[in-house]
Structures are given as C-alpha cells and as structure tokens.
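Down below is the structure, laid out as structure tokens.
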Amino acid sequence: LQEVTASSRHYVDRLFDLDPQKVLQGVIDMKNAVIGNNKQKANLIVLGAVPRLLYLLQQETSSTELRTECAVVLGSLAMGTENNVKSLLDCHIIPALLQGLLSPDLKFIEACLRCLRTIFISPVTPEDLLYTDATVISHLMTLLSRSRYTQEYICQIFSHCCKGPDHQTILFNHGAVQSIAHLLVSTSYKVRMQALKCFSVLAFENPQVSMTLVNVSVDGELLPQIFVKMLQRDKPIEMQLTSAKCLTSMCRAGAIRTDDPCIVLKTLPCLVRMCSKERLLEERVEGAETLAYLIETDVELQRIASITDHLIAMLADYFKYPSSVSAITDIKRLDHDLKHAHELRQAAFKLYASLGANDEDIRKKIIETENMMDRIVNGLSESSIKVRLAAVRCLHSLSRSVQQLRTSFQDHAVWKPLMKVLQNAPNEILIVASSTLCNLLLEFSPSKEPILESGAIELLCSLTQSENLALRVNGIWALMNMAFQAEQKIKSDILRGLSTEQLFQLLSDSDVNVLMKTLGLLRNLLSTRPHIDHIMSTHGKQIMQAVTLILEGEHNIEVKEQTLCILANIADGTTAKELIMTNDDILQKIKYYMSHSNAKLQLAAMFCISNLIWNEEEGSQERQDKLRDMGIVDILHKLSQSSDPNLCDKAKTALQQYLA
3 LQEVTASSRH
13 YVDRLFDLDP
23 QKVLQGVIDM
33 KNAVIGNNKQ
43 KANLIVLGAV
53 PRLLYLLQQE
63 TSSTELRTEC
73 AVVLGSLAMG
83 TENNVKSLLD
93 CHIIPALLQG
103 LLSPDLKFIE
113 ACLRCLRTIF
123 ISPVTPEDLL
133 YTDATVISHL
143 MTLLSRSRYT
153 QEYICQIFSH
163 CCKGPDHQTI
173 LFNHGAVQSI
183 AHLLVSTSYK
193 VRMQALKCFS
203 VLAFENPQVS
213 MTLVNVSVDG
223 ELLPQIFVKM
233 LQRDKPIEMQ
243 LTSAKCLTSM
253 CRAGAIRTDD
263 PCIVLKTLPC
273 LVRMCSKERL
283 LEERVEGAET
293 LAYLIETDVE
303 LQRIASITDH
313 LIAMLADYFK
323 YPSSVSAITD
333 IKRLDHDLKH
343 AHELRQAAFK
353 LYASLGANDE
363 DIRKKIIETE
373 NMMDRIVNGL
383 SESSIKVRLA
393 AVRCLHSLSR
403 SVQQLRTSFQ
413 DHAVWKPLMK
423 VLQNAPNEIL
433 IVASSTLCNL
443 LLEFSPSKEP
453 ILESGAIELL
463 CSLTQSENLA
473 LRVNGIWALM
483 NMAFQAEQKI
493 KSDILRGLST
503 EQLFQLLSDS
513 DVNVLMKTLG
523 LLRNLLSTRP
533 HIDHIMSTHG
543 KQIMQAVTLI
553 LEGEHNIEVK
563 EQTLCILANI
573 ADGTTAKELI
583 MTNDDILQKI
593 KYYMSHSNAK
603 LQLAAMFCIS
613 NLIWNEEEGS
623 QERQDKLRDM
633 GIVDILHKLS
643 QSSDPNLCDK
653 AKTALQQYLA
C-alpha cells in the first residue's frame, strides 16, 4: 500500500501549489487518473484529497473552472465504492455542493448537481439530508428550467430521496407536479424517463398526488393519456414499467376507475408482459409486484389477469429460474441472478396471493399449478424474510377456500410449517400467519386436531396479550374458531390458558373488534348444556361480572346483542340458570332490554326469558312466578301486539309457557 500511496501522493501535493494554474492542472490530471480506477480513488481519499478539493470548491478566490473541475473529481470519487461515499459524507460534502448551486455559472451548477445525484443514489446516503434546509427544494425547483442536465439530475435526486408521505408532501407543496409535468414531453429521453420516475414515487400510495395528476395536462394532453402512450410496446421496457406504476398508483388511490380502459386494456396487459421469461430478472420482479398491487382489492381485475397470457403458468417459471441450463451466456448476469432468485420467488407468491384473494376458481387453478403447495411450504422456511412473508400471504389467500382447507392443505400438512413460522417471527409475518391459522381452525378444517396437539392454545393465548392490535384480534379470533363446536376438554384448556384476568383485559379492550371476538369466544365456549353448566360452575362468578360490566358500559348495539346472546346461552344451562335467577341486577337488565327501542336487543332479551321459563325443565314454576312478579308477563303481552313479526311470535311462544 505504501508504494501505491506514494505514487498517488504527488496528485494531492499539487493541490497545495501556490500557482493557481498548477493547481487547476493538478485537479485535471487527478480527474483523468481516477476515472474507472477504484484503487486510485481509495488511495486519494486515504491521502486526504477530499477536504482539500472541498476547500478549493468553496473558495471565492478559486476560478469557476477550478471549482467545476473539483466538483467533477468529487463526483468521480463518489462513483466508486460505498465506503468512498461514506468518506465524502463525513467531510460534509452535501452542504458544500448545495452551497455551490447558488453560483451564477451553469456549468458549475451542473457539475455540483451531477455529484449530488451520484451521492444521493447511493444506499448509504440518508435521504433526509436533502430536506434539512427548507430553501433547498424551492431552489432546486427554480433550477429545473436551466438545462436538460439540471432537469435530469434534479428529477433523479427527487425520485431517490422521496421516501414516504412526508417527503411526498414537501415536494408536492413546492409545486413538484406542475414543475415536472412538462418534462414528460422533453426532447431528451433521459429527462422524460427521470420525470416519469419522479411521478411514480410521488403518486405511490398517495391519494392527494394521484387525484392532482389526473387533471394535469401538458400541451393539451392529460397526464394519464401521456402515461398510456409511454406504455406502448415500442417504448423501452423501463419506460413501460414506470408508466404502468404511475397508472397503478393512480388507480389504487381511486383517481382512475378499475374498469377504465387505460387500466384494463393497457396497464394490466403491460404488467403481465413484464412477467414473461424474456424479461430480465428485475423487470419480472417489478412487473409481478406492481401487478399484485394493482389487482389486490379488485375481483374483476383478478379475473382478467388470471386469464391473460397464461399468467398463472407463467409465474411457475419464477421458481425454476435461474437453473443450471439457463441460456445466460453472460457469466456476470448469471451470478447476479443466482444471488437475486429469491426476489422472483417472493414476487410470484405476492402475485398469487392477489390473484387468489377472492375467486374460488382462480385459487383452484393456482393450487393445481405444478408443486404449488410444496413451493409454499418451502417458502415458509426460506432464510429471506421477504420470501417467508410473501409465502405466508399466499397461503393466507388460498386458505380462504373451504374446498382447499379440506384437500390440498390437508394432504400437505401445511399447519406444521405454519406453526413453526409462528414461533418468534417478526410482527408483520405473525399477523398474516395468525390470520391463516384462524382459517385452519375453522370447524370444517381437518387441520384443527393436529394444530391443537401442537400447542396452539398457548401460542394464541400469548398473542392476545400483544401490544399489536392486529395480533390481539387474530389471537382471540383463532381461539373463537377453535372453541366452535369443540369438546369440553378443549374449552377448559382455552379458559385455563387465557386466565380470568386476561379475559377481563380483553373485554375492556378499547378496540371493538377485540371485544366482539372475545364475546364470540365466550358464546362458543358456552354452548351445549353440559359444557355451559361445567364452565359456569368453575367460572360463573367472573363471567356474570363480565356480562354486567358490558351491559352497563357505553357499547354499540352489536356488542350488547352478542352479550345478551351469551346470557341466553347461560339461561339454557340446567344448573347455570340459577346464576341468572339469583342475580336481580341482571334480571332487571334483561327486563330493560325487552322494552328497548332496538328490535335486535329486544329479541335477544326474549331468548333469555324463553330459556328461563321453559316448562319441561325443573323449577320452571318458581322461575315463572318470580318473573311474573317482576312485570315480565305484562311486557310479553305488549310485545305480542308488536308490528315486528319476529318479536310478536317470540312473545306469543313465551306466553304459551305460562298457559301450559
């Protein structure tokens, strides 16, 4: 290294010469020495060239030519490795270059922008450095009109530094849409392309930008029409893909209808084309991911995509690439693709998940694709978290099918790898995996038994204690499905696993979804007489407390109705009835709901009364008398005259019990 640095030292020494002409020549020689030479770049950085170049760049006394050449050399150094970029950032290169943009000289501005562009597209540069000074963005907007180079570099900087809604809002508020729109018809391909990329990141998941874009026109043509022209087959692939992304974002934001011809006849077919074998790996990945996003929530688009160009079969190739017999003659390309093959798999899983989100026939087609279930099962245990997440999403989508739960899911014992995924996975995977588990635990699914034996109750009870709302909902939902028509032992295990404290915690959860699912669980636990009596003999006091708590609280109609249904189930028990009959507070509440303004609640309260006064059961006479004394019979008479046929019938049936 010493020899090498010694031979490079003279380049740095010349930067300190007293003769400005010699300094300029030194910088030019340095520029020629570093082009394409990473070793030389590293040497010069080690020898401290960067602080000196930045000093010369910022000196008012330096000639414009010298300052421009310094910016060019710094840009060349930034083109090297990520470590080079880190060294430049450590020397505070960004503020120095941004300052340079205030110069009147266009060539110098372009050199500064080119260098900034190179630094900002590096993954090691924090995007926020562009936004630290509020005046920078507005200054960049004014520089857009200076030359095609300022346009290209500034658009490239924006598209790389626009990450998330905050950045989108800043750029939008600075008039980015209006300033960049006319660049889409520039004579320079590079400018058109960078402007297009800008719109694709500005509009992504952003309704405000998307709604604005629809109404912007350039030379009398609306932006969506311009994007459609850029989708045509004769345009370069990156242009087709990027304009398809713009139209996709606008469609998902509701700015363009899903049945608009520009989506159905242009955007969707273009994205399907990107999934073909002929395309490069990254084009196939981006095409599939964008298509998955486009059709994710629309059944009709899912159906159209599933029958376009044999897409479902085409995606099967994503799992076979690159194989040892791939016709890739370029060894660098093959090496790259082998390293990135997992991205293809995750893109395919994502697209399959969107395709199968709603339609039973499409799910069947996907599952019948060669080795599909094996591929999903393998995907669940891949090292890449992105692939695991996408495989779980795909499985979740397919698990919405009753038919598949009974067949393919059973044949492949999908629950095993799924339970494994649920052990200490990150939240985003846990949420989708636990949703899938909810479906596998439905009463008609043959996977229910083995899942129970593998310790699912414990796992789900722990999910109900999660800080994350979606996980709490899924945990309790899965337990609710598990308890449906289950045997007594399972029900007891669930109650033991949850603990009374946790049950109360869930019943006082601020989220109504958690509350409804917890009530659903209680209702499923308290079904069939022997179970009702058994559970109420061990947990009766707490359950009655919980019911009181909810009927007294500020809750919506659905919550109160579900709670009254639980009471009706308790009233159906043989010994459990007594817990209601000896609780005057609860009886008064039932009476109150019989005269409520909402018919659903009246009906639910009547179920409780019917179960309490049913004749054939022991002690019915005493119960009937007590309820008559409370004025229940008078209310029944009133309800038997009701205009609501359900209420009327129910009241008459109840009164018959008194007459019998």
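Heads up: the sequence shown runs through residues 3 to 662, numbered per my numbering.
Note that the Cβ used here is the ideal one computed from N, Cα and C, for glycine as well.
Whether residue i touches residue j by CB criterion (9 Å)
| i | j | result |
| --- | --- | --- |
| N571 | S529 | yes |
| A257 | M316 | no |
| T292 | T250 | yes |
| E129 | C163 | yes |
| G538 | A578 | The identity of residue 538 in the sequence shown is Met, whereas the question assumes Gly. A contact, by the Cβ cut-off of 9 Å. |
| K266 | L303 | This sequence places Val at residue 266; Lys is not what is there. Contact flag set, yes. |
| T244 | K199 | yes |
| I568 | R625 | no |
| L614 | L629 | yes |
| L465 | N476 | yes |
| K652 | L661 | no |
| L432 | N380 | no |
| N217 | A255 | no |
| L553 | K591 | yes |
| A480 | L462 | yes |
| I634 | N600 | no |
| L313 | C264 | no |
| Q210 | F174 | yes |
| A606 | Y595 | yes |
| L391 | W417 | no |
Identity of the residues DSSP links to residue i by a beta bridge
| i | result |
| --- | --- |
| S219 | L224 |
Cβ-Cβ separation, residue j to residue i (assumed contact under 8 Å), whole Å
| i | j | result |
| --- | --- | --- |
| G177 | M143 | 6 Å |
| G499 | E460 | 6 Å |
| I96 | L131 | 5 Å |
| V126 | V75 | Between V75 and V126 the Cβ distance is about 20 Å, and since that is not below 8 Å, they are no contact. |
| R69 | F110 | 6 Å |
| L99 | L118 | 5 Å |
| A51 | A113 | Not really, about 17 Å apart at Cβ, beyond 8 Å. |
| E71 | L26 | 7 Å |
| D332 | L283 | At roughly 12 Å, the Cβ-Cβ gap does not stay under 8 Å, so D332 and L283 are not in contact. |
| N360 | V301 | 5 Å |
Distance between residue j and residue i (C-alpha atoms, nearest Å)
| i | j | result |
| --- | --- | --- |
| T260 | I239 | 23 Å |
| Q234 | Q242 | 7 Å |
| Q544 | L497 | 12 Å |
| K352 | V287 | 10 Å |
| D535 | T576 | 7 Å |
| F229 | H141 | 28 Å |
| F486 | S644 | 34 Å |
| A136 | I156 | 16 Å |
| S10 | Q42 | 7 Å |
| G457 | I378 | 23 Å |
| A31 | L103 | Looking at the sequence shown, residue 31 is not Ala but Asp. The straight-line gap from Cα to Cα measures roughly 25 Å. |
| L3 | A393 | Bear in mind that the predicted position of L3 carries a pLDDT of just 49, short of 50, making it unreliable; the figure below should be weighed with that in mind. About 48 Å. |
| R16 | S78 | 18 Å |
| T171 | A205 | 10 Å |
| C610 | Q490 | 23 Å |
| D511 | T550 | 16 Å |
| S383 | D363 | 28 Å |
| Y323 | D337 | 12 Å |
| Q604 | K654 | 14 Å |
| T438 | L444 | 10 Å |
| S308 | S190 | 37 Å |
| S181 | E556 | 52 Å |
| S468 | V14 | 59 Å |
| I121 | Q405 | 54 Å |
| S622 | P452 | 43 Å |
| V193 | A349 | 29 Å |
| A8 | R281 | 48 Å |
Interface flag, residue i vs chain D, CB-CB below 9 Å
| i | result |
| --- | --- |
| L497 | No chain D is part of this structure, which consists of one protein chain only. |
- the segment 362-376 in contact with the segment 401-413 per 3-pair CB rule at 8 Å: yes
- Message: Whether or not the segment 383-393 and the segment 424-431 are in contact is what I'm after, with contact meaning three or more pairs of Cβ atoms, one per stretch, closer than 8 Å; do they touch?
- Response: yes
- Item | the segment 183-195 in contact with the segment 130-145 per 3-pair CB rule at 8 Å | no
- Item | Meets three-Cβ-pair contact criterion under 8 Å: the segment 77-91 and the segment 41-58 | yes
- Contact between the segment 392-409 and the segment 349-363 (3+ Cβ pairs under 8 Å): yes
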